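S.K.: Sharing a structure with you now.
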Amino acid sequence: MKKSDDIFDIVSQIIDNEANAIIGLKPLIDENFKKTVEMILENKGNLIFSGIGKSAIIAQKIAATMNSTGTTSVFMHAADAIHGDLGIVRDEDIVVILSKSGETPEVKVLVPLIKLRGNKIVAIVGKRQSFLASQADFVLDVTVPDEAIPNSLAPTCSTTAQLVMGDALALTLMYCRGFSADDFAKFHPGGALGKQLYLKVKDLYPSNEKPEVGVNDNLTQVIIEMTRKRLGAAVVTDGEQILGIITDGDLRRMLMRHPDIERVKAAEIMTPNPKTIDEDDLVVNALHRMRHNSITQLPVTANGRYVGVIHLHDILKEGIF
4 MKKSDDIFDI
14 VSQIIDNEAN
24 AIIGLKPLID
34 ENFKKTVEMI
44 LENKGNLIFS
54 GIGKSAIIAQ
64 KIAATMNSTG
74 TTSVFMHAAD
84 AIHGDLGIVR
94 DEDIVVILSK
104 SGETPEVKVL
114 VPLIKLRGNK
124 IVAIVGKRQS
134 FLASQADFVL
144 DVTVPDEAIP
154 NSLAPTCSTT
164 AQLVMGDALA
174 LTLMYCRGFS
184 ADDFAKFHPG
194 GALGKQLYLK
204 VKDLYPSNEK
214 PEVGVNDNLT
224 QVIIEMTRKR
234 LGAAVVTDGE
244 QILGIITDGD
254 LRRMLMRHPD
264 IERVKAAEIM
274 TPNPKTIDED
284 DLVVNALHRM
294 RHNSITQLPV
304 TANGRYVGVI
314 HLHDILKEGI
324 F
């Protein structure tokens with residue numbers, strides 16, 4: 004049994020081995036990759052990803068990445084394919100098969116069936132001299148010298164290489180299609196990631212009160228407005244345009260400067276020309292602005308008019324960090 008002191012050395016070596024496997028893919032990229040991308044871009048059907056064992060798991064993940072970046076894809080387990088699931092494949096589909104050896108029995112049965120149907124085959128394979136590579140229309144070589152563990156007891160570097168090649172293919176297709184952040188948002192409407200791409204300020208601020216005072220309002224009026232609206236701030240306006248903002252911090256600093264607080268007006272303690280955000284702007288941009296300026300609320304405008312306040316807590320409640 005290894006000593007616990009050896010753990011850091013072991014994990015460091017494993018990470019180095021996996022990193023080297025990824026770097027080793029660069030010289031393996033050839034015309035096959037370019038032609039595969041061009042074929043997929045011109046194709047009207049889906050991509051069908053398949054594999055067996057650990058390669059099947061990686062195939063499933065790559066298919067999911069393709070779907071979220073603009074290339075419609077389906078996962079088909081190689082073992083299930085030869086027992087009925089081959090019906091998933093349509094005439095215009097391209098089949099992408101992942102395999103380290105390219106020699107597994109299920110793959111050897113599946114490949115001739117796909118070729119009989121006339122579908123194009125792309126092999127993501129770790130052995131150029133293999134059955135799968137010899138039968139495929141295009142080969143994406145993911146050969147690795149060794150696995151990350153002694154005696155190659157389990158797929159490690161090989162599956163990492165498959166995953167990176169799949170990501171490279173998916174993202175290259177995404178760039179070639181001109182897939183935008185708006186397109187991405189359509190496929191990710193749920194969760195924090197989706198919200199960053201579509202949730203707008205106007206979706207949140209209306210749930211808040213609208214704290215507002217005039218330039219000549221006295222300190223008592225300011226404090227009452229801030230207390231009632233419970234946002235830790237009051238926006239100073241001329242009725243429509245924003246002139247300034249008064250925060251809890253402004254009140255504390257004012258008490259240190261003005262002993263005669265009864266005569267203090269809003270105009271004397273406000274921060275003029277505060278940071279604001281338009282109601283049509285994204286919530287994630289409001290968050291960035293708050294962080295950059297170390298503030299917790301932003302007055303919201305619509306066509307230049309003051310309409311409300313968005314608070315940091317509103318954003319955090321939505322799971323956007």
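For the sequence shown, the working numbering assigns the number 4 to the initial residue and increments by one for each residue that follows. From the three backbone atoms N, C-alpha and C, an ideal C-beta is built for every residue, glycine too. These numbers were taken from a predicted model, which means no experiment stands behind them.
Counting only the same chain and skipping the five closest in sequence on each side, list residues whose C-beta sits under 6 Å from that of residue 2.
M.R.: The chain is shown only over 4 to 324; residue 2 falls outside these bounds and no answer can be derived.
S.K.: Taking DSSP as the reference, what is the three-state secondary structure of residue 271?
M.R.: Of the three classes helix, strand and coil, the one that applies to residue 271 here is helix, per DSSP.
S.K.: Could you name each continuous beta strand (DSSP E) segment of 3 residues or more that falls completely within the segment 154-238, going from the start of the chain to the end?
M.R.: Counting only runs of 3 or more, we get 215-217.
S.K.: For residue 19 and residue 233, what's the separation of their Cα atoms in angstroms?
M.R.: If you take the alpha carbons of residue 19 and residue 233, they lie about 53 Å apart.
S.K.: Can you give me the start and stop residues for the beta strand (DSSP E) that residue 141 sits inside?
M.R.: Note, residue 141: beta strand (DSSP E), 141-144.
S.K.: For residue 86, is the classification buried or exposed, using 16 other Cβ atoms within 10 angstroms of its Cβ as the cut-off for buried?
M.R.: Result: exposed.
S.K.: In chain order, what residues of the same chain have a beta carbon less than 7 Å from the beta carbon of residue 224, not counting five sequence neighbours either side?
M.R.: Within the same chain, residue 224 has close Cβ partners 216.
S.K.: Go through its chain and collect everything with a Cβ distance to residue 74's Cβ below 8 Å, but skip five positions before and after it.
M.R.: Within the same chain, residue 74 has close Cβ partners 43, 50, 173, 176, 177 and 180.
S.K.: Does the beta-carbon of residue 273 have 16 or more other beta-carbons within 10 angstroms, so that it is buried, or is it exposed?
M.R.: Buried, since its Cβ has 16 or more Cβ neighbours within 10 Å.
S.K.: When the Cα atoms are used, what is the spatial distance from residue 279 to residue 254?
M.R.: The alpha-carbon atoms of residue 279 and residue 254 are separated by roughly 20 Å.
S.K.: Alpha carbon to alpha carbon, how far is residue 183 from residue 219? Give it in angstroms, no decimals.
M.R.: Their Cα atoms are separated by approximately 48 Å.
S.K.: Determine the direct distance from the alpha carbon of residue 288 to that of residue 199, and round the result to whole angstroms.
M.R.: Whole-angstrom Cα-Cα distance: 9 Å.
S.K.: May I ask you to report which of helix, strand or coil DSSP gives residue 28?
M.R.: Residue state, collapsed to three classes: coil.
S.K.: Going by other Cβ atoms of all chains shown within 10 Å of its Cβ, with 16 needed for buried, is residue 295 buried or exposed?
M.R.: The residue in question, residue 295, is exposed, as its Cβ has fewer than 16 Cβ neighbours within 10 Å.
S.K.: Go ahead and pull the three-state DSSP assignment for residue 16.
M.R.: Helix.
S.K.: If you follow the beta strand (DSSP E) that residue 314 is part of, which residue opens it and which one closes it?
M.R.: Taken as a continuous stretch (DSSP letters only), the beta strand (DSSP E) holding residue 314 covers 308-314.
S.K.: Does the Cβ of residue 159 have 16 or more other Cβ atoms within 10 Å, making it buried, or fewer, making it exposed?
M.R.: When all chains shown are included, residue 159 counts as buried.
S.K.: Can you tell me whether residue 109 is buried or exposed, with buried defined as 16 or more other CB within 10 angstroms of its CB?
M.R.: Residue 109 comes out buried.
S.K.: So, using beta-carbon positions, are residue 305 and residue 321 closer together than 8 Å?
M.R.: For residue 305 and residue 321, no; Cβs fall outside 8 Å.
S.K.: Please report how far the alpha carbon of residue 98 lies from the alpha carbon of residue 148, in whole angstroms.
M.R.: C-alpha separation (whole angstroms): 26 Å.
S.K.: Specify the secondary structure class of residue 324 as computed by DSSP and reduced to three states.
M.R.: If DSSP states are grouped into helix, strand and coil, residue 324 belongs with coil.
S.K.: Quick one: is residue 112 buried, meaning 16 or more other Cβ sit within 10 Å of its Cβ, or exposed?
M.R.: Exposed, because fewer than 16 other Cβ atoms sit within 10 Å of the Cβ of residue 112.
S.K.: Going by C-alpha distance, which of 144, 222, 122 and 292 is nearest residue 46?
M.R.: The residue with the shortest Cα to Cα distance from residue 46 is 122.
S.K.: So for residue 252, helix, strand or coil by DSSP?
M.R.: Here residue 252 sits in helix by DSSP.
S.K.: On the three-state DSSP scale, how would you describe residue 108?
M.R.: In this structure, residue 108 counts as helix in the three-state DSSP scheme.
S.K.: Cutting at 7 Å between CB atoms, please list the residues of its own chain near residue 290, excluding the five before and the five after it.
M.R.: Cβ neighbours of residue 290 beyond the five flanking positions: 318 and 323.
S.K.: Answer yes if the segment 200-215 comes into contact with the segment 306-314, meaning at least three C-beta pairs across the two stretches below 8 Å, and no otherwise.
M.R.: As far as the Cβ criterion goes, the segment 306-314 touches the segment 200-215, which means the pair count is three or higher.
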